[in-house]
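As numbered in this note's numbering, residues 115 to 334 make up the sequence shown, in order. Glycine is no exception: its CB is placed at the ideal position from the N, C-alpha and C atoms.
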Amino acid sequence: MRNKQERKSNFKGFTLIELVIVIAIMAILAALLVPSIYGYLELARNRADVTAAKVLCNAIQSECAMDSDKIESFTHNPWGKGKNTDGSEYEADDHGYIYVDKKQVRVSSYSIAKLLEHDGYITDAGDFQGEIKQYVYTGQNCRRLLCKSNRTWYRYQINIAYRDGEIYFTYNANSRSGETRNVSGMSIDTNLHDDFASKRFANMIGGEADPRVSLPVINY
Numbered sequence: 115m116r117n118k119q120e121r122k123s124n125f126k127g128f129t130l131i132e133l134v135i136v137i138a139i140m141a142i143l144a145a146l147l148v149p150s151i152y153g154y155l156e157l158a159r160n161r162a163d164v165t166a167a168k169v170l171c172n173a174i175q176s177e178c179a180m181d182s183d184k185i186e187s188f189t190h191n192p193w194g195k196g197k198n199t200d201g202s203e204y205e206a207d208d209h210g211y212i213y214v215d216k217k218q219v220r221v222s223s224y225s226i227a228k229l230l231e232h233d234g235y236i237t238d239a240g241d242f243q244g245e246i247k248q249y250v251y252t253g254q255n256c257r258r259l260l261c262k263s264n265r266t267w268y269r270y271q272i273n274i275a276y277r278d279g280e281i282y283f284t285y286n287a288n289s290r291s292g293e294t295r296n297v298s299g300m301s302i303d304t305n306l307h308d309d310f311a312s313k314r315f316a317n318m319i320g321g322e323a324d325p326r327v328s329l330p331v332i333n334y
């Protein structure tokens with residue numbers, strides 16, 4: 115009888131105080147670990163965006179090296195001059211572009227759209243529509259290329275220019291907390307620029323941010 119009582123005493127459960135202490139310790143550990151885990155996830159998303167951008171830049175360079183006639187279609191900016199809200203005139207920078215955000219992809223020419231289709235980043239470039247401002251792709255059609263990052267930036271742009279006899283890339287990115295009104299005079303003054311996010315993106319890809327280029331205001 116005594117042995118049974120001893121065995122029962124050896125198997126008694128947690129007291130309420132011990133349980134509360136264990137839960138408190140777990141909560142503290144979770145509070146410490148969750149931000150780190152989220153940071154690692156965001157870094158992985160950043161790298162996914164930068165990797166996609168690198169692949170596209172390399173593809174554009176290869177296409178232009180094989181066929182110099184494509185240089186103009188990749189680097190031409192379809193917007194040209196325009197007017198700011200105060201009536202002053204701005205002149206767009208001399209670049210083509212690939213713009214990517216969480217819901218859509220915009221490109222400055224049909225040649226770029228066909229390249230994205232060929233590399234599997236959009237499923238269907240559609241038909242050539244002549245001299246239009248840009249080609250826009252949304253939803254499942256561009257799912258592979260949509261911006262993966264959330265906090266560091268939530269949209270980015272690859273700028274493609276032809277300068278000093280070679281293809282030249284610069285980069286822009288915007289974060290929701292850092293984007294500010296454009297004051298460069300190189301694009302419409304209602305557009306938004308984020309110098310810090312742009313430099314983060316450019317540093318990761320090993321290139322240059324363009325302080326003159328700002329990203330459009332997108333209203334979904």
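What do you reckon, are the CB atoms on residue i and residue j nearer than 8 Å?
i: Glu203; j: Lys195; result: yes
i: Tyr235; j: Arg258; result: yes
i: Ser291; j: Pro325; result: no
i: Val331; j: Met300; result: no
i: Lys410; j: Cys261; result: Not covered by the structure: residue 410. The range shown for the chain is 115 to 334.
Only counting the same chain, and skipping five residues up and downstream in sequence, which positions put a Cβ closer than 7 Å to that of residue i?
i: Lys313; result: Ala323
i: Asn159; result: For clarity, residue 159 is Arg in the given sequence; the question names Asn instead. So the list reads Lys262, Ser263, Asn264, once near-sequence residues are dropped.
i: Lys184; result: Glu177, Cys178, Ser225
i: Gln175; result: Ile281
Taking 8 Å as the limit between beta carbons, can you name the residues of its chain near residue i, skipping five residues before and five after?
i: Asp233; result: Val169, Leu170, Ala173
i: Glu156; result: Ser263, Asn264, Arg265, Thr266
i: Tyr224; result: Ser187, Ala239, Phe242, Gln243, Tyr249
i: Glu293; result: Leu306, His307, Asp308, Ala311, Leu329
i: His190; result: Gly210, Ser222, Ser223
i: Tyr285; result: Ala167, Tyr270, Gln271, Ile272, Asn273, Ser312, Phe315, Ala316, Ile319, Gly321, Glu322, Ala323, Asp324
i: Asp163; result: Val214, Cys261, Lys262, Ser263, Trp267, Tyr270, Phe315
i: Leu133; result: none
i: Arg161; result: Met318
i: Ser289; result: Arg265, Thr266, Trp267, Tyr268, Asp308, Phe310, Ala311
Might you give, ordered along the chain, the residues of its own chain that have their beta carbon closer than 6 Å to the beta carbon of residue i, omitting 5 neighbours on each side?
i: Tyr251; result: Val219, Ile236
i: Val221; result: Ile212, Ala227, Tyr249
i: Ala275; result: Thr189, Asp208, His209, Tyr282
i: Arg277; result: none
Assuming the contact rule is C-beta atoms closer than 8 Å, residue i and residue j should be a hit. Round their C-beta distance to whole Å, please.
i: Tyr177; j: Leu229; result: The residue you asked about is not Tyr; residue 177 is Glu in the sequence shown. Glu177 to Leu229, Cβ: 6 Å. Contact.
- Message: Runs of 3 residues minimum, wholly inside the segment 186 to 259: which ones carry the beta strand (DSSP E) assignment?
- Response: At a cut-off of 3 residues, the continuous stretches assigned as beta strand (DSSP E) that sit fully inside the segment 186 to 259 are 195 to 197, 203 to 205, 210 to 214, 218 to 221, 249 to 252.
- Item | Ordered list of alpha helix (DSSP H) runs contained in the segment 252 to 323, each at least 4 residues | The segment 252 to 323 contains, as complete alpha helix (DSSP H) runs of 4+ residues, the segments 309 to 319 (chain order).
- Task: Scan the segment 155 to 188 and note each continuous alpha helix (DSSP H) run of 4 residues or more that stays entirely inside, going in chain order.
- Result: Within the segment 155 to 188, no run of alpha helix (DSSP H) at least 4 residues long lies entirely inside it.
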